[in-house]
Amino acid sequence: FGLFEKMLETIREDVTRILSTSELRMPEPAEMALPELPEFMTAGQFDPFDGDAIEVAGNPQAAGDPYAGMGLSRNAPCPCGSGRKYKHCHGKIA
233 FGLFEKMLET
243 IREDVTRILS
253 TSELRMPEPA
263 EMALPELPEF
273 MTAGQFDPFD
283 GDAIEVAGNP
293 QAAGDPYAGM
303 GLSRNAPCPC
313 GSGRKYKHCH
323 GKIA
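Taking the numbering used here, the leading residue of the sequence shown gets 233, the next gets one more, and so forth.
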């Protein structure tokens, strides 16, 4: 029983020594990966102040499904920026 207690004490000392000498490195804010924006938002084609955008925002089905060829998952956020899932916004099955 004495050997078992000695082993436990040695393990505690080793763990304490290792944890007290370790360093945690946090990535710098510049190193953190930013999510990729959809191409239509970065290519200069998207204008949030366009009058047509307001009309489409009021009725997402008015423009049909402009994202049909993009291969979006139905549970992904809608690329129109509404904050809704694609299946509840532009991906609705009529």
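Think of the CB as a built atom: it goes at the ideal place given N, C-alpha and C, for glycine as much as any other residue.
Span of the alpha helix (DSSP H) around residue i
i    : result
G234 : G234 to T253
8 Å contact criterion, which residue i and residue j should meet: CB distance rounded
i    : j    : result
C312 : H322 : 6 Å
Those residues which DSSP pairs with residue i across a bridge
i    : result
P311 : P311 pairs with nothing; no bridge assigned.
K317 : P309
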